[in-house]
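A.B. asks:
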Amino acid sequence: MSPKMTHLRQLEAESIHIIREVAAEFENPVMLYSVGKDSAVMLHLARKAFYPARPPFPLMHVDTTWKFREMIEFRDKMAHECGFDLLVHVNEEGVRQGIGPFSHGSGIHTDIMKTEGLKQALTKYKFDAAFGGARRDEEKSRAKERIFSFRTEDHRWDPKSQRPELWNVYNAKVHPGESIRAFPISNWTELDVWQYIYLEQIPIVPLYYAAVRPVVERDGMLIMVDDARMEIKPGEKVEYKSVRFRTLGCYPLTGAVESTAATLPEIIQEMLLTRTSERQGRAIDHDSAGSMEKKKQEGYF
Amino acid sequence: MAHQSELISEDILAYLKSQEEKSMLRFITCGSVDDGKSTLIGRLLWDSKMVFEDQLAALESDSKRVGTQGEKIDYALLLDGLQAEREQGITIDVAYRFFSTDKRKFIVADTPGHEQYTRNMVTGASTAQVAVILIDARKGILTQTRRHSYLASLVGIRHVVLAINKMDLVDYSQERFDSILKKYQSFAASLGFDDITAIPLSALEGDNIISPSPKTPWHQGPTLMQYLETVQVPDASAGKPFRMRVQWVNRPNLDFRGFCGTIASGQIHPGDEIIVPSSGKKTRVARIVTMDGDLERAVAGQAVTLTLEDEIDISRGDTLATPEDVPHHAARFEAKLVWLHEEALTPGRSYLLKAGSATAPAQVSQIKFKLNVNTLAQEPGETLALNEIGVCSLSLSKPISFDSYRENRGTGCFILIDRLTNATVGAGMIHQPLLQSSGKGWIEADLGPKARAEQKGQSPKVLCIASQDQKHRTEVAELVEKKLHSQGRHSYRLDQQSLSLEPGSKDEQARLLAALGEHFLAAGLILIVSLSDQDPHLSDALMGRLNTESFCQVDLKKDIGTISLSPQQQAEQIVEELF
Ligand SMILES: Nc1nc2c(ncn2[C@@H]2O[C@H](COP(=O)(O)OP(=O)(O)O)[C@@H](O)[C@H]2O)c(=O)[nH]1
Chain A
1 MSPKMTHLRQ LEAESIHIIR EVAAEFENPV MLYSVGKDSA VMLHLARKAF
51 YPARPPFPLM HVDTTWKFRE MIEFRDKMAH ECGFDLLVHV NEEGVRQGIG
101 PFSHGSGIHT DIMKTEGLKQ ALTKYKFDAA FGGARRDEEK SRAKERIFSF
151 RTEDHRWDPK SQRPELWNVY NAKVHPGESI RAFPISNWTE LDVWQYIYLE
201 QIPIVPLYYA AVRPVVERDG MLIMVDDARM EIKPGEKVEY KSVRFRTLGC
251 YPLTGAVEST AATLPEIIQE MLLTRTSERQ GRAIDHDSAG SMEKKKQEGY
301 F
Chain B
1 MAHQSELISE DILAYLKSQE EKSMLRFITC GSVDDGKSTL IGRLLWDSKM
51 VFEDQLAALE SDSKRVGTQG EKIDYALLLD GLQAEREQGI TIDVAYRFFS
101 TDKRKFIVAD TPGHEQYTRN MVTGASTAQV AVILIDARKG ILTQTRRHSY
151 LASLVGIRHV VLAINKMDLV DYSQERFDSI LKKYQSFAAS LGFDDITAIP
201 LSALEGDNII SPSPKTPWHQ GPTLMQYLET VQVPDASAGK PFRMRVQWVN
251 RPNLDFRGFC GTIASGQIHP GDEIIVPSSG KKTRVARIVT MDGDLERAVA
301 GQAVTLTLED EIDISRGDTL ATPEDVPHHA ARFEAKLVWL HEEALTPGRS
351 YLLKAGSATA PAQVSQIKFK LNVNTLAQEP GETLALNEIG VCSLSLSKPI
401 SFDSYRENRG TGCFILIDRL TNATVGAGMI HQPLLQSSGK GWIEADLGPK
451 ARAEQKGQSP KVLCIASQDQ KHRTEVAELV EKKLHSQGRH SYRLDQQSLS
501 LEPGSKDEQA RLLAALGEHF LAAGLILIVS LSDQDPHLSD ALMGRLNTES
551 FCQVDLKKDI GTISLSPQQQ AEQIVEELF
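Same order as they appear, the protein sequences are chains A and B.
Mapping of the first sequence onto our numbering: residues 1 to 301, in sequence order.
Mapping of the second sequence onto our numbering: residues 1 to 579, in sequence order.
1. Look at B/V161 and B/L224 and say whether their C-beta atoms are less than 8 Å apart.
2. Classify A/F131: buried if its beta carbon has 16 or more other beta carbons within 10 angstroms, exposed otherwise.
3. Pull up the distance between the alpha-carbon of B/L565 and that of B/L340, whole angstroms please.
4. Distance, Cα to Cα, A/A46 vs B/P200?
5. Would you kindly work out how many angstroms separate the C-alpha atoms of A/M5 and B/G301, rounded to a whole number?
6. Looking at B/L479 and B/A571, is the spacing between their C-beta atoms short of 8 Å?
7. Could you pull the DSSP bridge partners for B/N250 from this structure?
8. Please indicate yes or no: does the CB of B/D34 lie closer than 7 Å to some heavy atom of ligand 1?
9. Where does A/F102 land, buried or exposed, given buried means 16+ other C-beta within 10 angstroms?
10. So does B/L124 have its beta carbon nearer than 7 Å to some heavy atom of ligand 1?
11. Following the continuous alpha helix (DSSP H) through A/G94, name the residue where it begins and the one where it ends.
12. Tell me whether the region 214-221 of chain A and the region 59-79 of chain A touch, counting them as touching only if at least three CB pairs, one residue from each stretch, are closer than 8 Å.
13. Could you please give me the residues that DSSP links to B/Y351 through a beta bridge?
14. Count the other CB atoms within 10 Å of the CB of B/L578; is the residue buried (16 or more) or exposed (fewer)?
15. In terms of DSSP beta bridges, what is B/I574 paired with?
16. Rank B/L352, B/V462, B/D292, B/E508 by C-alpha distance to the C-alpha of B/G524 and give the top, closest one.
17. Answer with buried or exposed for B/W248, where buried requires no fewer than 16 other C-beta atoms within 10 angstroms of its C-beta.
18. What does DSSP give as the partner residue(s) for B/T305 in the beta ladder?
19. Under a three-way DSSP split, which group does A/L199 fall into?
20. By Cβ distance below 7 Å, which residues in the same chain neighbour A/F50 in space, the five residues on each side in sequence not counted?
21. Could you tell me if the beta carbon of B/L169 falls within a distance shorter than 7 Å of some heavy atom in ligand 1?
22. Could you say if the region 157-173 of chain B and the region 133-146 of chain B meet the contact criterion of at least three C-beta pairs nearer than 8 Å?
23. Beta carbon of B/G412: closer than 7 Å to some heavy atom of ligand 1?
24. Whole angstroms is fine: what's the gap from B/S404's alpha carbon to B/G428's?
25. Spell out whether any CB of chain B is found under 8 Å from the CB atom of A/T6.
26. Less than 8 Å separating the beta-carbons of A/S149 and A/F183?
27. Bridge partners of B/V378, per DSSP?
28. Just to check, is the beta-carbon of B/K166 closer than 7 Å to a non-hydrogen atom of ligand 1?
29. Check whether the region 148-160 of chain B touches the region 116-130 of chain B, counting contact only when three or more Cβ pairs, one atom from each stretch, lie closer than 8 Å.
30. In its own chain, which residues sit with a C-beta less than 6 Å from the C-beta of A/R54, not counting the 5 before and 5 after it?
31. What residues in its chain sit with their C-beta under 6 Å from that of B/L295, if we drop five residues either side in the sequence?
32. Taking a cut of 8 Å between CB atoms, which residues from the region 335-364 of chain B lie near chain A?
33. Suppose the cutoff is 8 Å on Cβ atoms and the five residues either side in sequence are ignored; what does the same chain contact list for A/F209 look like?
34. May I have the straight-line CA-CA distance separating B/S23 from A/D192, to the nearest angstrom?
35. Along the chain, where does the beta strand (DSSP E) containing A/A210 start, and where does it finish?
36. For A/L248 versus A/V205, is the C-beta distance shorter than 8 Å?
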């Protein structure tokens with residue numbers, strides 16, 4: 001008789017296997033840490049994979065300078081408490097040009113501050129592997145994404161050079177300059193992530209929990225007024241509502257949902273009973289069909 | 001169904017508790033183009049509430065724009081992943097879909113039915129426990145059905161659902177259903193499935209997907225969802241001998257040395273004895289370390305860190321195994337090889353073989369025959385093109401530990417990597433180790449034995465070290481090898497134990513060893529064989545077959561066996577005298 005492994009334990013084991021495989025095969029891996037719940041799970045798994053040692057790679061956050069303030073506080077606290085080296089990269093060129101979501105719109109902002117910023121950082125530190133917290137269930141175009149996703153020298157995702165992945169044997173060979181984006185939680189769904197956070201009591205940014213926050217309704221989304229850079233337009237008014245975030249990013253681009261779910265069980269309950277997918281709150285996804293695929297080819301993920 | 005459990009709204013804590021026991025099932029769906037696979041999966045996602053309102057809105061508009069169902073929702077559109085494919089109207093890769101019910105989480109490997117089927121299907125099936133094989137009730141069993149079934153069986157799937165779809169188009173005829181099933185059963189009898197469950201479906205109308213359809217009162221079996229939720233896939237690997245390939249050696253400080261890996265089969269407890277087949281060394285497990293505290297037991301599938309009682313030399317790629325049932329450890333084996341790349345296999349070319357965490361240069365030395373995936377016939381072949389399957393002999397530059405795939409999926413599989421392009425070009429399932437080269441062996445290039453020896457700057461030799469004491473002879477042989485290595489010589493070491501791979505007559509063993517000796521000489525290498533002095537037929541065979549110049553023999557007792565000499569001194573003496 002052997003104890004059955006539950007679905008979360010199986011997912012956990014698979015992720016740890018992937019994380020160890022990357023650490024063993026690559027010279028210079030990094031974990032991309034977005035500070036969101038998926039990153040929280042990934043970081044937790046990395047700690048498990050190498051316990052009692054520290055994970056043998058740094059964390060890197062590409063800061064667009066427009067993240068929620070609470071995310072930045074949380075990021076620094078977690079990196080410190082878990083003993084990770086934290087690299088923060090900002091696209092200084094973008095800052096000099098004054099790129100921002102309000103002035104330039106979500107497309108240009110994300111492209112320059114996030115996608116370009118990430119490429120700069122990967123080039124600067126010569127990472128040959130970068131962990132990302134993306135999941136296959138997030139979006140249709142990700143359903144075929146590999147766990148070891150190959151990137152060309154200019155960080156592009158080329159559909160033709162993706163490799164078939166069989167069993168749990170991963171091809172980690174790259175030429176100098178090329179790299180692998182590794183997705184240890186590919187096979188997790190949003191529900192799995194929440195259940196695991198609950199089961200393992202993983203700390204997450206408080207923005208996920210409902211609280212009364214100042215928000216403005218804009219383009220059908222509830223945008224939180226996180227700092228003075230947000231101008232209140234004529235006709236808009238700041239309201240105090242009980243809201244939470246299902247996904248986190250740049251505050252001007254991330255819609256809040258009205259909610260009173262202030263604990264993990266309540267969040268999960270709400271998630272199971274609501275009928276909208278988590279990406280709905282992300283402004284960048286609202287473009288034409290296939291936009292994610294384009295983003296991916298450009299190196300966004 | 002799904003997450004409709006009243007519990008969610010009434011008692012979320014109780015619901016979450018119940019979810020902690022949920023299991024997981026991975027399955028693959030295969031069918032030919034237009035059998036209704038996308039519609040079927042779309043339904044499963046839909047009915048298990050994995051589709052949200054915003055996705056539905058997109059689906060409705062897409063259905064109107066590009067769907068095939070007029071004003072109705074085209075579930076198939078939930079699936080199409082990449083824009084390029086959507087425009088061409090085909091799917092060209094394996095997609096992974098997810099849904100869950102209150103009982104199970106499901107991972108679906110969705111493989112398209114067109115030409116790239118073999119590569120995609122083998123990829124998708126490699127992690128699947130169940131295969132759902134779609135059949136169009138109007139068409140019955142096609143060549144593709146045989147192919148899908150054969151590939152599923154090849155990759156070790158033991159449970160099959162025969163999803164007989166489009167029953168609405170054959171008036172839900174039981175007769176039609178029965179005749180398809182009967183035909184399938186007789187064809188599949190040789191494929192070794194544990195069970196075949198046939199279900200009459202209409203993916204379009206939703207018959208027998210979730211709840212039993214009133215249109216098929218004659219169907220006594222489960223609906224598709226009932227089957228998926230309840231099928232028992234006993235984790236066969238848990239009852240098997242313990243195996244764990246070391247992925248990572250964890251050394252945070254001098255006091256801790258942990259070996260990390262995922263248990264491929266069996267289970268382990270602190271105190272259990274383990275062996276490392278690459279060195280033959282044994283020790284016991286001291287602790288099973290996890291961040292949540294030490295474990296009393298760990299089983300197949302778990303990713304763990306083991307500490308051991310003795311400091312023995314173990315590195316990434318080594319296998320830890322139970323000494324009661326040791327895996328093969330060899331540099332040659334026979335395997336089924338599936339070719340995954342446009343550029344065909346070149347026998348004799350050096351590829352990189354990766355089996356779990358073990359990596360070694362390898363070449364395909366012989367293609368015994370090719371397998372026709374449609375007829376299962378064996379056909380001759382000099383190479384393997386994309387999507388072809390062959391039974392091949394592989395030669396590695398160093399031995400690795402493995403089991404046959406049939407016995408152990410986790411330790412019997414490997415991939416081949418092109419050393420220039422780094423592409424994954426092949427996927428293999430090991431049959432058994434090979435000792436002697438049957439037929440051609442290493443493919444002869446223009447180079448001869450002399451050129452190879454010259455390149456290494458040495459005269460090749462086979463050196464026999466005999467002693468009844470296995471530990472003693474191994475120790476001396478190891479020391480000799482180390483000494484030679486430090487002198488820059490190219491050598492390799494074998495013990496008699498690693499030769500008795502297959503039960504065979506003594507003569508057979510001797511013949512194999514002699515043939516092996518010849519190969520090493522031809523390769524320009526120094527082979528150190530440690531043998532029991534009780535088995536003179538082995539050294540005799542070598543002596544008889546090899547020329548005296550390249551063969552030498554030392555009996556540790558008789559020749560230099562004074563008790564006053566330590567193994568170290570004996571080894572030094574051997575190296576000095578012979579080389
Ligand atoms: N009448 C009928 N049509 C079906 C059924 N399942 C699928 N179809 C139709 O068959 C066509 C091909 O289905 P699709 O799911 O795209 O097939 P795939 O190529 O296997 O993914 C579509 O027009 C579907 O609407 C069924 O059970 N009954």
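In this text, a Cβ means the ideal position worked out from N, Cα and C, and glycines have one as well.
These numbers come from a predicted model, not from an experiment.
C.D. replies: This is what the structure holds:
1. Counting from one through the second sequence, the residue named residue 161 of chain B turns up at place 161. Counting from one through the second sequence, the residue named residue 224 of chain B turns up at place 224. Taking 8 Å as the Cβ cut-off, B/V161 and B/L224 qualify as a contacting pair.
2. In the first sequence, residue 131 of chain A corresponds to position 131, counting from 1. When all chains shown are included, A/F131 counts as buried.
3. On the second sequence, residue 565 of chain B is found 565 positions in, with the first residue counted as 1. On the second sequence, residue 340 of chain B is found 340 positions in, with the first residue counted as 1. Spanning the two alpha carbons is a distance of roughly 56 Å.
4. As a first step, residue 46 of chain A must be located in the first sequence, where it is residue number 46. As a first step, residue 200 of chain B must be located in the second sequence, where it is residue number 200. When the Cα atoms are used, A/A46 and B/P200 turn out to be separated by approximately 45 Å.
5. By one-based count along the first sequence, residue 5 of chain A stands at place 5. By one-based count along the second sequence, residue 301 of chain B stands at place 301. If I take the Cα positions, the gap works out to 8 Å.
6. One-based indexing of the second sequence puts residue 571 of chain B at position 571. One-based indexing of the second sequence puts residue 479 of chain B at position 479. Yes, these two residues count as a Cβ contact at 8 Å.
7. To locate residue 250 of chain B, count along the second sequence from 1; it is residue 250. Checking the DSSP bridge columns, you'll see B/N250 partnered with B/G258.
8. Position 34 of the second sequence, counting from 1, holds the residue named residue 34 of chain B. Within 7 Å of the C-beta of B/D34 there is at least one heavy atom belonging to ligand 1.
9. The count along the first sequence starts at 1 and reaches residue 102 of chain A at position 102. Within a 10 Å sphere around the beta-carbon of A/F102 sit fewer than 16 other beta-carbons, which makes this residue exposed.
10. Here residue 124 of chain B refers to the residue found at position 124 when the second sequence is read from its first residue. It is worth fixing the name first, because residue 124 of chain B is Gly in this sequence and not Leu. At a cut-off of 7 Å, the beta-carbon of B/G124 does not count as near ligand 1: no heavy atom of the ligand is closer than that.
11. The count along the first sequence starts at 1 and reaches residue 94 of chain A at position 94. Here the alpha helix (DSSP H) through A/G94 covers 92-96.
12. Of all C-beta pairs linking the region 214-221 of chain A to the region 59-79 of chain A, fewer than three are shorter than 8 Å, placing the two stretches out of contact.
13. For the purposes of this step, residue 351 of chain B is taken as residue 351 along the second sequence, with counting starting at 1. B/Y351 is bridged to B/A362.
14. The count along the second sequence starts at 1 and reaches residue 578 of chain B at position 578. Exposed, since its Cβ has fewer than 16 Cβ neighbours within 10 Å.
15. Walking along the second sequence from the start, residue 574 of chain B turns up at place 574. Answer is none; B/I574 lacks a bridge partner.
16. The sequence position of residue 524 of chain B within the second sequence is 524, counting from 1. For B/G524, the closest of B/L352, B/V462, B/D292, B/E508 by C-alpha to C-alpha distance is B/V462.
17. As a working note, residue 248 of chain B is residue 248 in the second sequence. B/W248 sits buried, since 16 or more C-beta atoms from the chains shown fall within 10 Å of its C-beta.
18. Counting from 1 along the second sequence, the entry for residue 305 of chain B is found at position 305. Residue pairing from DSSP places B/T305 in a beta bridge opposite B/C260, B/V289.
19. As a first step, residue 199 of chain A is located in the first sequence; it is residue number 199 there, counting from the start. A/L199 falls in the helix class under three-state DSSP.
20. Start at 1 with the first residue of the first sequence, and residue 50 of chain A comes out as number 50. Hits under 7 Å: P56.
21. Translated into the one-based positions of the second sequence, residue 169 of chain B becomes position 169. Proximity of the beta carbon of B/L169 to ligand 1 is indicated: a heavy atom of the ligand is located closer than 7 Å.
22. They touch, by the three-pair rule.
23. Translated into the one-based positions of the second sequence, residue 412 of chain B becomes position 412. No, the beta carbon of B/G412 sits no closer than 7 Å to any heavy atom of ligand 1.
24. Translated into the one-based positions of the second sequence, residue 404 of chain B becomes position 404. Translated into the one-based positions of the second sequence, residue 428 of chain B becomes position 428. So the alpha carbons of these two residues sit roughly 11 Å apart.
25. By one-based count along the first sequence, residue 6 of chain A stands at place 6. For A/T6, the answer is yes, since a Cβ of chain B falls inside 8 Å of its Cβ.
26. Looking up residue 149 of chain A in the first sequence gives position 149. Looking up residue 183 of chain A in the first sequence gives position 183. In this structure, A/F183 lies closer than 8 Å to A/S149 by Cβ.
27. Counting from one through the second sequence, the residue named residue 378 of chain B turns up at place 378. The sequence shown places Gln at residue 378 of chain B, rather than the Val named in the question. B/Q378 pairs with B/L371.
28. To locate residue 166 of chain B, count along the second sequence from 1; it is residue 166. True, at least one ligand heavy atom lies under 7 Å from that Cβ.
29. Judged by Cβ distances under 8 Å, the region 148-160 of chain B makes contact with the region 116-130 of chain B, as three or more pairs qualify.
30. In the first sequence, the residue the question calls residue 54 of chain A occupies position 54. Sequence-distant partners of A/R54 (beyond 5 residues in either direction) whose C-beta falls short of 6 Å from its own C-beta, in its chain, are G83.
31. Residue 295 of chain B sits at position 295 when you count from the first residue of the second sequence. The residues are I288.
32. Here the close residues are L340, L352, K354, A355, G356, S357.
33. For the purposes of this step, residue 209 of chain A is taken as the residue at position 209 of the first sequence. Before going further, note that residue 209 of chain A is Tyr rather than Phe in the sequence given. Counting only residues of its own chain and dropping the five nearest sequence neighbours on each side, A/Y209 has a CB closer than 8 Å to the CB of R244, A261, A262, T263, I267.
34. Within the second sequence, numbered from 1, the residue matching residue 23 of chain B stands at position 23. Within the first sequence, numbered from 1, the residue matching residue 192 of chain A stands at position 192. So the two alpha carbons sit approximately 12 Å from each other.
35. Position 210 of the first sequence, counting from 1, holds the residue named residue 210 of chain A. Here A/A210 belongs to no beta strand (DSSP E), and DSSP marks it neither H nor E.
36. In the first sequence, counting from the first residue as 1, residue 248 of chain A sits at position 248. In the first sequence, counting from the first residue as 1, residue 205 of chain A sits at position 205. Yes.
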